[in-house]
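Take a look at the structure set out below.
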Amino acid sequence: MKQRTGAVLLAGVMGGLAWGGAAAAAEGERVTVTGEAIDTWCYYSGVMGGPEAVVGSAHHTCALWCSAGGIPVGLLADDGTVYMVLKIAGDDTANGGDTQLRIASHEITAEGMLYRRDGINYLVVEQVVADADIVRLTHEDFGVVPGFAIPDPQ
Amino acid sequence: MRQVAFAMALLAVPAAAQDFSDGSEAREWGLYGESKARFAATVVDPLCELAGDCPDNCGDGRRQLALLRTEDDVMVLPLKNAQPVFSGAANELAPFCGQAVEVDGLLITDEDLGARNVYLLQKIRAAGSDEWVAANKWTKDWAEANPDAAGEGPWFRRDPRVLAEIEKEGWLGLGAEADADFLEEWFR
Numbered sequence: 001m002k003q004r005t006g007a008v009l010l011a012g013v014m015g016g017l018a019w020g021g022a023a024a025a026a027e028g029e030r031v032t033v034t035g036e037a038i039d040t041w042c043y044y045s046g047v048m049g050g051p052e053a054v055v056g057s058a059h060h061t062c063a064l065w066c067s068a069g070g071i072p073v074g075l076l077a078d079d080g081t082v083y084m085v086l087k088i089a090g091d092d093t094a095n096g097g098d099t100q101l102r103i104a105s106h107e108i109t110a111e112g113m114l115y116r117r118d119g120i121n122y123l124v125v126e127q128v129v130a131d132a133d134i135v136r137l138t139h140e141d142f143g144v145v146p147g148f149a150i151p152d153p154q
Numbered sequence: 155m156r157q158v159a160f161a162m163a164l165l166a167v168p169a170a171a172q173d174f175s176d177g178s179e180a181r182e183w184g185l186y187g188e189s190k191a192r193f194a195a196t197v198v199d200p201l202c203e204l205a206g207d208c209p210d211n212c213g214d215g216r217r218q219l220a221l222l223r224t225e226d227d228v229m230v231l232p233l234k235n236a237q238p239v240f241s242g243a244a245n246e247l248a249p250f251c252g253q254a255v256e257v258d259g260l261l262i263t264d265e266d267l268g269a270r271n272v273y274l275l276q277k278i279r280a281a282g283s284d285e286w287v288a289a290n291k292w293t294k295d296w297a298e299a300n301p302d303a304a305g306e307g308p309w310f311r312r313d314p315r316v317l318a319e320i321e322k323e324g325w326l327g328l329g330a331e332a333d334a335d336f337l338e339e340w341f342r
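If you're matching them up, the sequences are chains A and B in order. The first sequence runs 1 to 154 under the working numbering. The second sequence runs 155 to 342 under the working numbering.
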């Protein structure tokens with residue numbers, strides 16, 4: 001039984017290594033993804049607060065700033081997977097481009113090619129097939145994040 | 155038992171390879187999941203690496219750029235430059251397209267959120283160079299690209315494209331009516 005356990009574990013490890021090698025080759029996969037266009041820096045770093053506060057309407061203004069500022073835009077799917085958008089509908093201006101700016105905080109459905117490498121999901125969007133606008137009304141729970149996003153009119 | 159020990163040793167390899175703090179002079183940001191990381195790499199265009207879509211000069215600044223780490227061939231994606239002003243790292247990397255470099259900054263790792271091999275770039279230098287370049291030129295690039303937006307205050311309060319989006323969709327992105335209701339409460 002011990003030998004069997006070891007063999008299974010070893011097979012798993014070797015399988016993992018083989019998967020790592022395959023990932024490095026970055027085979028593309030045709031996918032359809034639905035998710036919110038997020039600011040990946042605030043989401044991953046926690047610099048502005050927890051992940052539930054840096055999505056949707058509460059974080060919309062900051063998402064505009066980050067997108068215009070050239071921070072990579074990701075699609076956050078309902079299962080928590082983040083897809084880094086490298087190109088969208090023929091526009092490869094992922095460094096602060098207009099196409100990605102216009103969809104900040106929107107939930108979109110995108111068809112395209114997915115490439116997985118070193119733990120990151122990279123998405124080349126060929127077509128946006130649906131745009132549901134902003135669906136997470138997070139301002140109702142968090143106000144605006146960061147709090148200074150809207151200047152005090154006084 | 156020996157097989158198990160061997161397997162565990164193999165498992166330990168990726169974890170050990172994740173520590174690149176040796177010699178790092180990166181400034182801590184106090185972020186959850188941050189770790190100092192200084193490493194040698196090549197600046198690459200990820201669209202070229204992954205999809206074979208390879209324009210000249212890494213897309214002349216249009217694209218996100220990545221760091222192909224020399225030690226383990228891991229492709230690290232910088233999300234942020236060194237400036238605390240909502241600015242990315244692609245402008246800092248673009249002058250080094252295709253070049254061997256050394257970088258210093260912070261890796262962000264958060265397994266709960268799926269954050270792996272993403273990076274805050276603080277400084278960069280060409281391989282063999284003694285001179286570090288601070289990763290803080292984004293605001294200068296923005297000012298040069300937006301001469302009509304000159305004025306007081308941070309760039310993100312003056313950026314014409316951001317202002318146009320807010321004018322069109324509101325601060326919350328939900329339109330003028332939603333903004334009006336919210337702002338009355340928010341600034342009460």
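Cβ coordinates follow ideal geometry from the N, Cα and C atoms, glycine included.
Item	Value
Give every residue of the same chain whose Cβ lies closer than 7 Å to the Cβ of cysteine 66 of chain A, excluding the five residues on either side of it in the sequence, and list them in chain order.	Asp39, Trp41 and Cys42
What are the boundary residues of the alpha helix (DSSP H) that tyrosine 332 of chain B is part of?	According to the sequence shown, residue 332 of chain B is alanine rather than tyrosine. Run containing alanine 332 of chain B: 330-340, per the alpha helix (DSSP H) assignment.
Find the residues of chain B that neighbour glutamate 83 of chain A, judging by a C-beta separation of less than 7 Å, and give them in chain order.	A small correction: the amino acid at residue 83 of chain A is tyrosine; glutamate does not occupy that position in the sequence shown. The premise fails here: tyrosine 83 of chain A is roughly 10 Å from chain B at the closest Cβ pair, so nothing lies under 7 Å.
What residue range does the beta strand (DSSP E) around leucine 101 of chain A cover?	Taken as a continuous stretch (DSSP letters only), leucine 101 of chain A belongs to no beta strand (DSSP E), being part of the alpha helix (DSSP H) at 98-102.
If you count every other CB in all the chains shown that lies within 10 Å of the CB of lysine 277 of chain B, and 16 or more means buried, which is it?	buried
Of all the CB atoms in chain A, is at least one closer than 9 Å to the CB of serine 189 of chain B?	no
What three-state label does DSSP hand leucine 75 of chain A in the structure shown?	strand
Give the DSSP-derived three-state secondary structure of aspartate 226 of chain B in the structure shown.	coil
Among B/Trp292, B/Lys291, B/Arg315 and B/Ala280, which one has its Cα closest to the Cα of aspartate 302 of chain B?	B/Arg315
For alanine 68 of chain A, which of helix, strand or coil comes out of DSSP?	helix
From histidine 59 of chain A to glutamate 179 of chain B, what distance separates their C-alpha atoms?	32 Å
Distance, Cα to Cα, glycine 49 of chain A vs arginine 30 of chain A?	34 Å
Does threonine 32 of chain A pass the burial test, meaning 16 or more other C-beta atoms within 10 Å, or should it be called exposed?	exposed
Less than 8 Å between the CB atoms is what I'm expecting for proline 72 of chain A and leucine 247 of chain B, so what's the real figure, rounded?	12 Å between Cβ atoms; not a contact.
Apart from the five residues just before and just after tryptophan 309 of chain B, which ones in its own chain have a Cβ nearer than 7 Å to its Cβ?	Val239, Thr293 and Trp296
Under 7 Å between beta-carbons, which chain A residues line up against glutamine 218 of chain B? List them in chain order, please.	Pro72, Leu86, Ala94 and Asn95
When DSSP labels each residue in this structure, what does threonine 81 of chain A get in the three-state scheme?	coil
In angstroms, rounded to a whole number, what distance separates the CA positions of valine 82 of chain A and aspartate 152 of chain A?	33 Å
Assign glycine 242 of chain B to one of two classes, buried (16 or more other C-beta atoms within 10 Å of its C-beta) or exposed (fewer than that).	buried
Can you pull the chain B residues whose beta carbon is under 7 Å from the beta carbon of glycine 28 of chain A, in chain order?	Ala205
Does any C-beta atom of chain A lie closer than 9 Å to the C-beta of lysine 294 of chain B?	no
With 9 Å set as the bound, which would you pick, yes or no: does the beta-carbon of aspartate 131 of chain A sit closer than that to a beta-carbon of chain B?	no
Would you kindly work out how many angstroms separate the C-alpha atoms of proline 200 of chain B and glutamine 218 of chain B, rounded to a whole number?	7 Å
Could you round the C-beta distance between alanine 195 of chain B and serine 175 of chain B to whole angstroms and report it? I think they count as a contact, below 8 Å.	With a Cβ gap of about 16 Å, alanine 195 of chain B and serine 175 of chain B do not count as contacting.
With distance defined between alpha-carbon atoms, name the residue in B/Pro249, B/Phe341 and B/Leu185 nearest to isoleucine 262 of chain B.	B/Leu185
Identify whether alanine 22 of chain A lies in helix, strand or coil by the three-state DSSP scheme.	Any reading at alanine 22 of chain A needs caution, since the residue's pLDDT is 32, under 50, leaving its predicted position unreliable; the model's value is listed next. Three-state DSSP puts alanine 22 of chain A in a helix.
Between alanine 334 of chain B and glycine 143 of chain A, what straight-line distance do the alpha-carbon atoms span, to the nearest angstrom?	13 Å
Quick one: Cα of alanine 23 of chain A to Cα of methionine 84 of chain A, how far?	Caution is warranted here: a pLDDT of 36 is assigned to alanine 23 of chain A, below 50, making its placement in the model unreliable, and no coordinate value can be reported.
For methionine 113 of chain A, which beta-bridge partners are listed by DSSP?	A/Arg30 and A/Val124
Which same chain residues, not among the five before or five after asparagine 290 of chain B, have their C-beta less than 7 Å away from its C-beta?	Asn235, Ala236 and Gln237
Using the Cβ count rule (16 or more neighbours within 10 Å means buried), how would you classify serine 57 of chain A?	buried
Under the rule that 16 or more other beta-carbon atoms within 10 Å means buried, what is lysine 87 of chain A, buried or exposed?	buried
So the candidates are A/Asp133, A/Phe148 and A/Ala37; which of them puts its Cα closest to the Cα of glycine 329 of chain B?	A/Asp133
For glutamate 331 of chain B, does the count of other Cβ atoms within 10 angstroms reach 16, so buried, or fall short, so exposed?	exposed
Have a look at B/Glu338, B/Asp284, B/Asp264 and B/Glu265 and flag the residue whose alpha-carbon is nearest the alpha-carbon of valine 257 of chain B.	B/Asp284
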